[in-house]
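Colleague: Sharing a structure, written as structure tokens. Questions coming.
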Amino acid sequence: MSDEEEDLILSELSDDDLVLQMMDDLYDGMKEEIIESVNILLERGWTPYDILTKSLVEGMAIVGIDFRDGILFVPEVLLAAGAMKGGMAILKPLLIETGAPRLGKMVIGTVKGDIHDIGKNLVAMMMEGAGFEILDLGINNSLEDYIGALEAENADILGMSALLTTTMPYMKVVIDTLKEQGKRDDYIVLVGGAPLNEEFGKAIGADAYCRDAAVAVETAKELIARKHNAREA
Amino acid sequence: MSFSDDQLTIEGLSAGEGSGRVLLLACGALAHEILALIRINNWTHMDLQCLPANLHLTPDKIPDEVETAVTKHRSDFDKIFVVYADCGTGGLLEKRCDDLEVQMMAGPHCYSFFEGNEVFASHAETEFAAFYLTDFLVRQFDSFVWKPMGLDRHPQLLEIYFGNYEKLVYLAQTNTPELDRLAEQAAERLGLPYERRFTGYGDLANELVAIT
Numbered sequence: 001m002s003d004e005e006e007d008l009i010l011s012e013l014s015d016d017d018l019v020l021q022m023m024d025d026l027y028d029g030m031k032e033e034i035i036e037s038v039n040i041l042l043e044r045g046w047t048p049y050d051i052l053t054k055s056l057v058e059g060m061a062i063v064g065i066d067f068r069d070g071i072l073f074v075p076e077v078l079l080a081a082g083a084m085k086g087g088m089a090i091l092k093p094l095l096i097e098t099g100a101p102r103l104g105k106m107v108i109g110t111v112k113g114d115i116h117d118i119g120k121n122l123v124a125m126m127m128e129g130a131g132f133e134i135l136d137l138g139i140n141n142s143l144e145d146y147i148g149a150l151e152a153e154n155a156d157i158l159g160m161s162a163l164l165t166t167t168m169p170y171m172k173v174v175i176d177t178l179k180e181q182g183k184r185d186d187y188i189v190l191v192g193g194a195p196l197n198e199e200f201g202k203a204i205g206a207d208a209y210c211r212d213a214a215v216a217v218e219t220a221k222e223l224i225a226r227k228h229n230a231r232e233a
Numbered sequence: 234m235s236f237s238d239d240q241l242t243i244e245g246l247s248a249g250e251g252s253g254r255v256l257l258l259a260c261g262a263l264a265h266e267i268l269a270l271i272r273i274n275n276w277t278h279m280d281l282q283c284l285p286a287n288l289h290l291t292p293d294k295i296p297d298e299v300e301t302a303v304t305k306h307r308s309d310f311d312k313i314f315v316v317y318a319d320c321g322t323g324g325l326l327e328k329r330c331d332d333l334e335v336q337m338m339a340g341p342h343c344y345s346f347f348e349g350n351e352v353f354a355s356h357a358e359t360e361f362a363a364f365y366l367t368d369f370l371v372r373q374f375d376s377f378v379w380k381p382m383g384l385d386r387h388p389q390l391l392e393i394y395f396g397n398y399e400k401l402v403y404l405a406q407t408n409t410p411e412l413d414r415l416a417e418q419a420a421e422r423l424g425l426p427y428e429r430r431f432t433g434y435g436d437l438a439n440e441l442v443a444i445t
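Protein chains in written order, with our numbering: chain V, 1 to 233; chain X, 234 to 445.
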């Protein structure tokens, strides 16, 4: 980092420059700077929703693209996510107060026997940033955990994640149980995780396999819109 | 045959001159163990070629790399055996091997077949929060775990990566006090309780015997 950058005073930047700087800071995983910038924009009268969508979500979208293109790697994405989380922690209660638009509700968690939650956490955060309400069940979830939460929360989407070849078949167990109980069509089922692929997603009867958090958000938006259209038709 | 672990990680190992009838096309992480078995059993009809072990950092590339190597060497050998387990390919490697009509190791990964796939599966429901190392991974801990995860540059990520793990289990192929010490040190660095379990070569030995 140059001396010039070190001397940067965020509060002296114009709104446009500050938003661009936030995207840079997010990219570089600078959590403290993101928190400071979020507070500056709030003081300037920005709505929490605008701060979220125009700076944090757009910034993370760039991170996502560069990750997909092999420019950024997992450690850098995690640092960026940590920075976004810092900003989200301030904005989340304010978003609830100000009644920001909600696109739908998602229940998400890693499957039984799988403790690997990095991808799941990224998806949850990006979905939340995109306007979905998230119930994060955490790790090692049984079909009872998933189905119980879907019903209790009247959720729209089920998200299941697995990192291991040995645990990913459990997704089919959950989907098959939903079918047996006549509830499969009540929910959009999205699956993801390193060893999964589109073929696997189709084979187990998921609505979609999502290769990363950005794809999960776009897929969820599309399928939710389709579901709403179908209801209205 | 002389080679370093770094070479096995980044470059792999070239096949011999085709003097053997069987080519073992393996992950670089298995080279020492396979050569030990060849030596112990005097399997002079077997040649070994290893793909770079660091392919495990991008498992989606493994099927293509295996296919390229199989295609290249098929005419030089009577038989090719792929010494990879599923290794995070989500069944794609098995499918590719089926398409290529070559056999491969059974099991989800090397931790499993070193311990024995049946034994490993039997404790899958109670030991899913264990982080496993083999002899190779102990020796290459920095190259395979610490640095690719960015822990050398960003130690604050340790909790994100390993917060859900409950212990580190060193599945030892050999009784080597130095590796035991390094494995324990790795557990300390990850902030995990340490356990050592001797496995020997497990199903790797059984499967290679079966193809001789």
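All residues carry an ideal CB built from backbone N, CA and C; glycine is no exception. Predicted model only: the values in this text are computed from it and were never measured.
Does residue 319 (chain X) have its Cβ less than 9 Å from a Cβ in chain V?
Modeller: Output row for residue 319 (chain X): interface = yes.
Colleague: Can you find a CB in chain V that lies within less than 9 Å of the CB of residue 361 (chain X)?
Modeller: It does; some Cβ of chain V falls within 9 Å.
Colleague: Does residue 9 (chain V) come out as helix, strand or coil in the three-state DSSP assignment?
Modeller: Here residue 9 (chain V) sits in coil by DSSP.
Colleague: List, in chain order, every chain V residue whose beta-carbon is nearer than 7 Å to that of residue 397 (chain X).
Modeller: Here the neighbours are 115, 117 and 139.
Colleague: What does residue 390 (chain X) reach in chain V if we use C-beta pairs closer than 8 Å?
Modeller: Within chain V, the residues near residue 390 (chain X) are 75, 78 and 79.
Colleague: Can you list the residues of chain V that residue 295 (chain X) reaches, using a CB-CB cut of under 8 Å?
Modeller: Within 8 Å Cβ-Cβ: nothing; residue 295 (chain X) doesn't reach chain V, min ~11 Å.
Colleague: Between the Cα of residue 109 (chain V) and the Cα atoms of V:189, V:230 and V:88, which residue gives the shortest distance?
Modeller: Nearest C-alpha to residue 109 (chain V): V:189.
Colleague: By the criterion of Cβ-Cβ separation under 9 Å, what are the contact partners of residue 194 (chain V) in chain X?
Modeller: Going along chain X in sequence order, the residues near residue 194 (chain V) (Cβ under 9 Å) are 292, 293, 321 and 323.
Colleague: Please report whether the beta-carbon of residue 306 (chain X) lies at a distance below 9 Å from any beta-carbon of chain V.
Modeller: Closer than 9 Å: no.
Colleague: I'd like to confirm the pairing. Which residues does DSSP put opposite residue 282 (chain X) in its beta bridges?
Modeller: X:258, per the DSSP bridge assignment.
Colleague: So with Cβ pairs under 9 Å, would you call residue 26 (chain V) a contact of chain X?
Modeller: By this cut-off, residue 26 (chain V) is not an interface position.
Colleague: How many Å lie between residue 388 (chain X) and residue 76 (chain V) at the Cα?
Modeller: Approximately 12 Å between the Cα atoms of the pair.
Colleague: Measuring only between beta-carbons, confirm whether residue 310 (chain V) sits less than 9 Å from chain X.
Modeller: A question about residue 310 (chain V) goes unanswered here, because the residues of chain V that appear run from 1 up to 233.
Colleague: Which complete beta strand (DSSP E) runs does the segment 412-438 of chain X hold, if anything under 3 residues is left out?
Modeller: Complete beta strand (DSSP E) runs here, min 3: 427-431.
Colleague: Considering only DSSP beta bridges, list what residue 208 (chain V) is partnered with.
Modeller: Paired residue(s): V:190.
Colleague: Looking only at its own chain, which residues have a Cβ that is under 7 Å from the Cβ of residue 3 (chain V), when we skip the five neighbours before and after it?
Modeller: Its pLDDT being 49, under 50, residue 3 (chain V) is placed unreliably by the model, and the measurement read from it follows with that caveat. There are no such residues.
Colleague: At a CB-CB cut-off below 8 Å, which residues of chain X make contact with residue 30 (chain V)?
Modeller: None at all; the shortest Cβ gap to chain X is about 12 Å.
Colleague: How would you call residue 419 (chain X), buried or exposed, if buried means at least 16 neighbouring beta carbons within 10 angstroms?
Modeller: Buried, since its Cβ has 16 or more Cβ neighbours within 10 Å.
Colleague: How many angstroms separate the CA atom of residue 197 (chain V) from the CA atom of residue 323 (chain X)?
Modeller: So the alpha carbons of these two residues sit roughly 8 Å apart.
Colleague: Would you call the segment 87-100 of chain V and the segment 36-52 of chain V touching, i.e. three or more CB-CB distances under 8 Å?
Modeller: Judged by Cβ distances under 8 Å, the segment 87-100 of chain V makes contact with the segment 36-52 of chain V, as three or more pairs qualify.
Colleague: With distances taken from CA atoms, which of V:85, V:27 and V:32 is nearest residue 67 (chain V)?
Modeller: If we check each option's Cα against that of residue 67 (chain V), V:27 comes out closest.
Colleague: Report the three-state DSSP secondary structure of residue 335 (chain X) (helix, strand or coil).
Modeller: Coil, per DSSP.
Colleague: Spatial neighbours of residue 422 (chain X) within its chain, please: C-beta separation below 6 Å, excluding the five flanking residues on both sides.
Modeller: If we look at residue 422 (chain X) and ignore the five residues flanking it on each side, it has no Cβ neighbours.
Colleague: From the DSSP output, in three-state form, read off residue 141 (chain V) for me.
Modeller: In this structure, residue 141 (chain V) counts as strand in the three-state DSSP scheme.
Colleague: Measuring CA to CA, which of V:210, V:215 and V:157 is closest to residue 187 (chain V)?
Modeller: Checking every option, the nearest Cα to that of residue 187 (chain V) belongs to V:157.
Colleague: At least one CB of chain V closer than 9 Å to the CB of residue 401 (chain X): is that the case?
Modeller: No, residue 401 (chain X) does not count as interfacial toward chain V.
Colleague: From the DSSP output, in three-state form, read off residue 363 (chain X) for me.
Modeller: Reduced to three states, the DSSP call for residue 363 (chain X) is strand.
Colleague: List the residues that DSSP assigns as beta-bridge partners of residue 161 (chain V).
Modeller: DSSP output for residue 161 (chain V) lists V:110 and V:192 as bridge partner(s).
Colleague: Taking 9 Å as the CB-CB limit, is residue 168 (chain V) close to chain X?
Modeller: Closer than 9 Å: yes.
Colleague: Examine the Cβ distances between the segment 217-228 of chain V and the segment 256-269 of chain X and report whether three or more of them are shorter than 8 Å.
Modeller: These segments do not touch.
Colleague: Excluding the 5 residues flanking residue 36 (chain V) on each side, which residues of the same chain have their C-beta closer than 6 Å to its C-beta?
Modeller: Cβ within range, chain order: 10.
Colleague: Using only CA atoms, which one of X:344, X:313 and X:282 lies nearest to residue 336 (chain X)?
Modeller: That would be X:313, whose Cα lies nearest to the Cα of residue 336 (chain X).
Colleague: In whole angstroms, give me the CA-to-CA distance for residue 202 (chain V) and residue 127 (chain V).
Modeller: Cα-Cα distance, rounded: 22 Å.
Colleague: Among the candidates X:318, X:347 and X:300, whose CA atom is the shortest distance from the CA of residue 329 (chain X)?
Modeller: Residue 329 (chain X) has its Cα closest to that of X:300, out of X:318, X:347 and X:300.
Colleague: Please state whether DSSP places residue 202 (chain V) in a helix, a strand or coil.
Modeller: Here residue 202 (chain V) sits in helix by DSSP.
Colleague: Candidates V:183, V:205, V:166 and V:116: which alpha carbon is nearest residue 172 (chain V)'s?
Modeller: It is V:205 whose Cα lies nearest to the Cα of residue 172 (chain V).
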